[in-house]
Amino acid sequence: MPRDLRKARLWFTPLVALVLASAPGLPQAREAGARRGQVDHDGALQAFEQGKVLRLETVLSEIRKSVRGEVVGIALTNGGESGEWVYEFKILAPGNLMVEVYADARTAAILSPQGRR
């Protein structure tokens with residue numbers, strides 16, 4: 018077996034094992050997200066088509082005016098009975114500060130920024 022192929026196999030095999038080992042937990046993770054009010058892609062599209070939420074790009078442009086850094090996570094949640102749609106952004110700000118910014122998905126108004134190192 019060629020040397021390069023052996024090296025590739027050394028890191029590829031554990032990677033495949035890791036992916037396969039984590040696969041059984043995916044349905045539970047989806048259920049946990051649904052319990053917290055997180056919306057899947059289809060739900061987000063439906064909310065957009067019904068005029069309940071703005072385009073992600075629109076809300077992101079407002080967020081970037083207020084918070085510097087790299088967006089590393091985005092979630093869309095529905096407040097349940099209140100019907101309030103909220104985008105949650107996780108932003109890695111300068112100085113390795115992780116900032117969570119919540120924005121009204123209908124108006125793009127920033128609701129509350131929170132930061133932690």
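Positions in the sequence shown are counted from 1; adding 17 to them yields the working numbering. No residue lacks a Cβ here, since even glycine has one placed at the ideal position from N, Cα and C. Keep in mind it's a predicted model, so treat the numbers as computed, not measured.
For G68 and T124, the gap between their C-alpha atoms comes out near 11 Å. Ranking E79, G60, R72 by CA distance to the CA of L128 puts E79 first. Straight across, the Cα-Cα distance linking V103 with E117 is about 12 Å. Going by DSSP, G90 is part of the beta strand (DSSP E) stretching over 87-95. A distance below 7 Å separates the beta carbons of E105 and A92.
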